[in-house]
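K.L.:
Input: one structure, supplied below.
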Amino acid sequence: MRATDIADDVRELLLSRDDIQERIAELARDIEADYVDRTPLLVGVLKGAVMVVSDLARELKIPLEMDWMAVSSYGSGTVSSGVVRILKDLDTDLTGRDVLIVEDIIDSGLTLSWLRANLESRGAASVEICTLLRKPSRLKVDVPVRYIGFDVPNEFVVGYGLDYDERYRNLHDVVVLRPHVYGASEDDVAGPVDPARKVL
Ligand code: 5GP
Ligand code: MG
Ligand code: MG
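Here the sequence shown is numbered in UniProt numbering, starting from 1 and rising by one per residue.
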């Protein structure tokens, strides 16, 4: 007998594996054009951005470096407050570096807004942001994002690095889960309530 198949928990496919790979290749061409004669430091925000960094970095044909940060955001219920704590910091000295923050998704924008200011304060020559997904209807702060993969509707999405309760990161596609996964009834279209303290 086969083990439980996570694909059985999918209600709707938002972005297929092919959609994602095609868009990442386009973003890579834009980034290559912008970073001529510069070696960007890709800063992946753990854990959600692992797949984006891994595919984007291999698609880029220019010299680059990679580093990783883990942050946690404290909020009340479903909203992140913008109060961020560093769980794992970079190993790299940012002085004079061209930093490209790579994220999975921008929701309120509060986390990225904080992160951007934090990395700028370390003496980086430039700090830009690349995100695979953005929920435009949820944005609370105006954070300049140079590279955006896709705008998505205001639904809780998982897959391609994005989790629900640490699972579903290994799906190739970006999907919406069936409500029963969250313990809700099949008629309920709302996503899960984030824990007050979430590790992104
Ligand atoms: P914000 O932009 O509100 O500060 O927080 C963004 C973070 O919230 C993302 O990095 C991600 O960890 C989490 N998040 C926001 N929307 C979703 C979603 O639809 N699905 C998942 N899995 N995580 C989300
Ligand atoms: Mg993230
Ligand atoms: Mg998460």
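No residue lacks a Cβ here, since even glycine has one placed at the ideal position from N, Cα and C.
Nothing here was measured: the structure is a model prediction, and the numbers come from that model.
Using a Cβ-Cβ cutoff of less than 7 Å, which residues in the same chain neighbour V52 once the five nearest sequence positions on both sides are dropped?
P.N.:
Your numbering for residue 52 matches position 52 in the sequence shown. Hits under 7 Å: V102, D104, L132 and G161.
K.L.:
Pick out whichever of T95, K135, A3 and G123 has its Cα sitting closest to the Cα of S108.
P.N.:
Position 108 of the sequence shown holds residue 108. Among T95, K135, A3 and G123, the Cα nearest to that of S108 belongs to K135.
K.L.:
Taking only three categories from DSSP, how would you classify A185?
P.N.:
Within the sequence shown, numbered from 1, the residue matching residue 185 stands at position 185. It should be noted that the sequence gives Ser, not Ala, for residue 185. Coil.
K.L.:
Just to confirm, is the Cβ distance from R178 to R11 under 8 Å?
P.N.:
Position 178 of the sequence shown, counted from the first residue, corresponds to residue 178. Position 11 of the sequence shown, counted from the first residue, corresponds to residue 11. The answer is yes: Cβ separation under 8 Å.
K.L.:
For V199, I'd like the list of residues in its chain whose CB is within less than 6 Å of its CB, leaving aside the five on either flank, ordered along the chain.
P.N.:
Mapped onto the sequence shown, residue 199 falls at position 199. Residue confidence is low: V199 scores 49 on pLDDT, short of 50, so the model does not pin down where it sits. Its coordinate-derived value is still stated next. If we look at V199 and ignore the five residues flanking it on each side, its Cβ neighbours are S72.
K.L.:
Can you tell me the Cα-Cα spacing of V127 and E120, whole angstroms?
P.N.:
Mapped onto the sequence shown, residue 127 falls at position 127. Mapped onto the sequence shown, residue 120 falls at position 120. Roughly 6 Å between the two C-alpha positions.
K.L.:
So, helix, strand or coil for A33, using DSSP?
P.N.:
Translated into the one-based positions of the sequence shown, residue 33 becomes position 33. Reduced to three states, the DSSP call for A33 is helix.
K.L.:
At which residue ranges does the region 111 to 157 contain complete beta strand (DSSP E) runs of 3 or more residues, listed in the order of the chain?
P.N.:
DSSP runs (the beta strand (DSSP E)) wholly in the region 111 to 157: 126 to 134 and 147 to 151.
K.L.:
Tell me the DSSP bridge mates of G44?
P.N.:
To locate residue 44, count along the sequence shown from 1; it is residue 44. DSSP lists W68 and V102 as partners of G44.
K.L.:
Quick one: give me the first and last residue of the alpha helix (DSSP H) that L56 is part of.
P.N.:
Within the sequence shown, residue 56 is the residue found at index 56, counting from 1. Here the alpha helix (DSSP H) through L56 covers V50 to E59.
K.L.:
Which class does E166 belong to by DSSP, given the choice of helix, strand or coil?
P.N.:
The residue you call residue 166 lines up with position 166 of the sequence shown. E166 falls in the coil class under three-state DSSP.
K.L.:
Would S16 be called buried (16 or more neighbouring beta carbons within 10 Å of its own) or exposed?
P.N.:
Here residue 16 refers to the residue found at position 16 of the sequence shown. Answer is exposed; the Cβ neighbour count stays below 16.
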